[in-house]
Ligand code: AMP
Ligand code: MG
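Residue numbers (the numbering used here): 12 to 424.
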């Protein structure tokens, strides 16, 4: 048997991304319902934010020409709470003003109330105890968003703060990309569902909960097609069902080339498949291809990505390969996850030929600790950890080295 070619993680990723095409369809949802969605078209602000020059502090609006020396007394000629508009500020006067209220014409600075003195029996007089600079404590009209200018760009991933930006720009609804529809099934005769008795040699299907939750974290519509036995006909049948109404099929297990591994022949029979050996650890085998849509009313294909069965391998390969593929389908503007140069507070001296992704956790000294058991079957390593260290092939790590750290939080959104 010829060995499939060994790809680097980058080659595998480039290959995947070269196939993924952003979906065309979008839908309009309320701004509040758009959390976690991807903006389909850029939006412009309907208004200036803030709408007028206004004060950042409770205090007194003044003319700096009147306050050249500390201790000047000014007549308090007007009172401007937030939501109302003042009148022209005459020379020698000040306006009592409250955070968010517009600066009256003529004023060019705000003095915060802590820098002023008001005698109880003379509340129409204020003593200014400082010499304010022109512009002090004034928030300028449009400094956050200018009317008609871009507020959010197409492809933006909508976090709480983007929803707030859209609302401040005056938008009630947003046009977002439709959700990506993903079907998942899990191969293995040894698998049982939690709640069921385990037969001898059985193991609970943990990939189902991990991978479906990964899909949901990325805003996909996920369909669980359950456990599929290690038989060619059952695998083909599951693929035909999964191809209906889905953009992407993901599976776990059965991607090696053993007698009990049916993914390769099944996908080949129902579509096309490349079986890759990626020079990474965990998660060497990965299958990429497409399954013909058997539903006559629809033509085309559903993409297929087959992940390895070991729980850490399937989780890590999902984060490294399936996530960017899905983000590209979604039309996200940023696909590369945030990574950080961090100090390793551990030794990893047995350099591997493969690119390793180690489960680590940030410690209180700002360094990274390593989970002691890095086996691809030990899922508690990922639960203990808060991210991965990307350890290049053939490279050992010594305590104190700077390493590339990828937080799980950045890989799950
Ligand atoms: P495979 O890739 O099918 O050869 O499976 C590799 C290892 O992962 C075996 O020890 C399987 O029992 C285990 N495994 C496969 N699928 C799952 C799953 N869904 N949940 C937990 N472990 C699994
Ligand atoms: Mg298996």
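We treat Cβ as the ideally placed atom computed from N, Cα and C, and that holds for glycine.
Remember, it's a predicted structure, so these values are computed and weren't measured experimentally.
Buried or exposed by the 16-neighbour rule on C-beta atoms within 10 Å, applied to residue i
i           : result
residue 340 : buried
residue 93  : exposed
residue 349 : exposed
residue 387 : buried
residue 164 : exposed
residue 17  : exposed
residue 131 : exposed
residue 258 : buried
residue 335 : buried
residue 337 : buried
residue 172 : exposed
residue 271 : exposed
residue 364 : exposed
residue 66  : buried
residue 209 : exposed
residue 392 : buried
residue 275 : buried
Collapsed DSSP secondary structure at residue i in the structure displayed
i           : result
residue 171 : helix
residue 281 : helix
residue 337 : helix
residue 382 : coil
residue 85  : strand
residue 220 : helix
residue 406 : coil
residue 37  : strand
residue 296 : strand
residue 58  : coil
residue 149 : strand
residue 125 : helix
residue 184 : strand
residue 104 : strand
residue 161 : strand
residue 202 : strand
residue 177 : helix
CB of residue i within 7 angstroms of CB of residue j, strictly
i           : j           : result
residue 106 : residue 124 : no
residue 382 : residue 405 : no
residue 320 : residue 394 : no
residue 240 : residue 285 : no
residue 324 : residue 294 : yes
residue 188 : residue 53  : no
residue 242 : residue 277 : no
residue 218 : residue 322 : yes
residue 83  : residue 141 : no
residue 55  : residue 183 : no
residue 80  : residue 108 : no
residue 40  : residue 342 : no
residue 204 : residue 216 : yes
residue 116 : residue 144 : no
Distance between beta carbons of residue j and residue i, contact taken as under 8 angstroms
i           : j           : result
residue 156 : residue 59  : 7 angstroms
residue 231 : residue 191 : 5 angstroms
residue 260 : residue 313 : 5 angstroms
residue 298 : residue 317 : 3 angstroms
residue 6   : residue 102 : Since the first residue shown for the chain is 12 and the last is 424, residue 6 is missing from the structure and cannot be characterised.
residue 229 : residue 46  : In fact, because the Cβ distance is near 13 angstroms, the residues do not count as touching under 8 angstroms.
field: Shell residues, 7 angstroms Cβ cut-off relative to heavy atoms of the ligand MG
entry: 198, 199, 241, 264, 265, 271, 272, 320
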